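With positions in the sequence shown counted from 1, the corresponding number in this note's numbering is that position plus 482.
Contents: one structure, followed by commentary.
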Amino acid sequence: MSDDLQGSLPAGKIIAGRFRIERLIGRGGMGEVYAARNVGTGRDVALKMIRGVADAAQTRRFLREAKAATAIQHPNVIEVLDVFEEDHTPVMVMELLRGEPLSGLRKRRGALQLFEAARLLVPVASALRAAHEKGIVHRDLKPDNIFLSEPQAGGCVPKVLDFGIAKVLDPTSISSETQGGNTSTGSILGTPHYMSFEQAMSEKDIDHRADIWAMGVILFEALTGRRPLEFENLGEMYTAFLQREVPSIRSAVPDLPADVAGVLDRCLQKRREDRLDDLGPLVEVLGRYTDPTSAGALAGGKVVGALAPLAAPPSSGDVAAPPALAAPGGRARSLKRAFAVAALLVVAFVAAFAARRLPPPDGPAAPVLASAEEAVMEPPPAAVAVPPASMSSSPAPPLPARDEPAVAGVAPSAAPSSRRPSPSALAATLKAPATPATPATSATPPPPSAPTTQARGIVDQLPY
483 MSDDLQGSLP AGKIIAGRFR IERLIGRGGM GEVYAARNVG TGRDVALKMI RGVADAAQTR
543 RFLREAKAAT AIQHPNVIEV LDVFEEDHTP VMVMELLRGE PLSGLRKRRG ALQLFEAARL
603 LVPVASALRA AHEKGIVHRD LKPDNIFLSE PQAGGCVPKV LDFGIAKVLD PTSISSETQG
663 GNTSTGSILG TPHYMSFEQA MSEKDIDHRA DIWAMGVILF EALTGRRPLE FENLGEMYTA
723 FLQREVPSIR SAVPDLPADV AGVLDRCLQK RREDRLDDLG PLVEVLGRYT DPTSAGALAG
783 GKVVGALAPL AAPPSSGDVA APPALAAPGG RARSLKRAFA VAALLVVAFV AAFAARRLPP
843 PDGPAAPVLA SAEEAVMEPP PAAVAVPPAS MSSSPAPPLP ARDEPAVAGV APSAAPSSRR
903 PSPSALAATL KAPATPATPA TSATPPPPSA PTTQARGIVD QLPY
């Protein structure tokens, strides 16, 4: 972020009688984020607030993000410290993170070794699993929303960010006045390249399996350097979902252990009924490959780093299985999906030319409609990080200390066209494409090969 960029709040201003504004560190379409210091405790924090006067929908989404992150209570979810109102504007107090998003690492490194991807994504899958236990669906999981935070001791801790469009399935997790976010039929929430089939079809009853699809796309991308289904605009997205099969990971990484390939392919089934119903198997399988030598001890019992020799992953018993989330009814949805699929197929090719282009594959995907807020970032002048609070869920394995860091920024990309085919254009009923067979998993995977590429460190950058 340029030095001359000014926020709506001047440096030195005191907020809520205790937070002194230091500088503007991020700005998105809806809000601003400031580095600030609690003058009473001396703690550095991030203050996120809506620019101008917030309307009811913005306030509801803002509070939902804060309460969802707080309700999950997991060391790999960004810590929200407080929420209050200042001059009729909601303010969120968060831990101040230093590092880079997963999208930045992927852009610099390309494909990762299996053990590197496992160290980064086991904590993320564990955090999502904890969210699902609380009845919270993220709905916009993507590399931009996975931040590799560097603590002062070195290494990094993956943090899941931005629950602004989260959907709450359990009304006891978040108070009713901030739940919202329950999508009406016909609207799309999410980021196209990581959006599940049912999200693309604008189905209303989105559940935790949308996050499982996104997790599969992110893992596939980490291991191959590309996404399983690539497209450049919304028309091509619909065509890809309707006419193309999702490739097996083995087609891109033939020597990938069978158990990893099997569980990943299960995540990437178009029909959510055919996907994993719980991220537990993914956590368990990836956890076998966090160390290239299949050895390592838990460092002090908590996550401290990634991308270097580190701790063993938590066993599948470390995280309780989430409650079963009811799958929506069969025949009614089948008719609804057939209707929607036919309509989309009729106009997909027209939309391919009319829709605005999406970001190129090597950059972060932009959200459609009400996606999570993005902002331009800059590195802080000093390494400031707040270690995650002790939680009931066991943290996943650490990532390595950084090596030869570079400095980079993340700029928001333009949102693609929100236009989508209308079911009213339906002329005939078509069937959804067949689901590819699910590969069998192996009970005894071969040991992973030693890495051939030295892992690079993380980039100083702020995530908000």
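C-beta: ideal position from N, C-alpha, C; glycine also.
As the structure is a prediction and not an experimental result, all values here were calculated from the model.
Pick out whichever of the options has its Cα sitting closest to the Cα of residue i.
i	options	result
residue 597	700, 720 and 705	705
residue 774	752, 764, 759 and 739	739
residue 481	558, 513, 555 and 522	An answer regarding residue 481 cannot be provided, because it is not within the stretch 483 to 946 covered by the chain.
residue 559	689, 686, 712 and 609	609
residue 713	741, 539 and 677	677
residue 681	729, 629, 639 and 622	622
residue 533	697, 516 and 701	516
residue 569	607, 754 and 491	491
residue 518	510, 541 and 489	489
With residue i as the anchor, note down where its alpha helix (DSSP H) starts and where it stops.
i	result
residue 544	538-554
residue 602	596-615
residue 748	740-749
residue 693	691-706
residue 679	679-682
If you measure between the beta carbons of residue i and residue j, is that distance less than 8 Å?
i	j	result
residue 594	residue 641	no
residue 554	residue 624	no
residue 752	residue 723	yes
residue 479	residue 503	Nothing can be reported for residue 479, as the shown portion of the chain is limited to 483 through 946.
residue 772	residue 601	yes
residue 762	residue 611	yes
residue 607	residue 765	yes
residue 545	residue 565	yes
Check for me: the beta strand (DSSP E) holding residue i runs from which residue to which?
i	result
residue 771	That residue, residue 771, is in no beta strand (DSSP E); it is neither H nor E in DSSP.
residue 564	562-568
residue 501	501-509
residue 713	Residue 713 -> no beta strand (DSSP E), and no H or E assigned at all.
residue 589	Segment 584-591 is the alpha helix (DSSP H) holding residue 589; no beta strand (DSSP E) there.
residue 576	571-577
residue 532	526-532
residue 628	628-631
residue 518	513-520
residue 729	Here residue 729 belongs to no beta strand (DSSP E), and DSSP marks it neither H nor E.
residue 735	Residue 735 -> no beta strand (DSSP E), and no H or E assigned at all.
residue 686	Looking at the DSSP string, residue 686 is not in any beta strand (DSSP E), and its letter there is neither H nor E.
Taking buried to mean at least 16 other C-beta atoms within 10 Å of its own C-beta, is residue i buried or exposed?
i	result
residue 725	exposed
residue 530	buried
residue 798	Summary for residue 798: the model assigns pLDDT 33, below 50, so the residue's position carries little reliability, and this model does not support an answer.
residue 688	buried
residue 523	exposed
residue 498	exposed
residue 733	exposed
residue 814	Interpretation of residue 814 is limited by its pLDDT of 46, a score under 50 that renders its predicted location unreliable; no figure is taken from the coordinates.
residue 631	buried
residue 521	exposed
residue 605	buried
residue 549	buried
residue 703	buried
residue 674	buried
residue 727	exposed
residue 737	exposed
residue 481	The structure shown has nothing for residue 481, since the chain only spans 483 to 946.
residue 528	buried
Our contact map puts residue i next to residue j with C-beta atoms below 8 Å; I'd like the distance itself, whole angstroms only.
i	j	result
residue 567	residue 575	The Cβ separation is near 12 Å, so there is no contact.
residue 620	residue 645	6 Å
residue 695	residue 750	7 Å
residue 557	residue 628	Not a contact, Cβ separation roughly 14 Å.
residue 691	residue 748	With a Cβ gap of about 11 Å, residue 691 and residue 748 do not count as contacting.
residue 577	residue 561	4 Å
residue 731	residue 746	5 Å
Just to check, is the beta-carbon of residue i closer than 7 Å to a non-hydrogen atom of the ligand GTP?
i	result
residue 642	Of the ligands one can find in the structure shown there are none, so the ligand GTP has no counterpart to examine.
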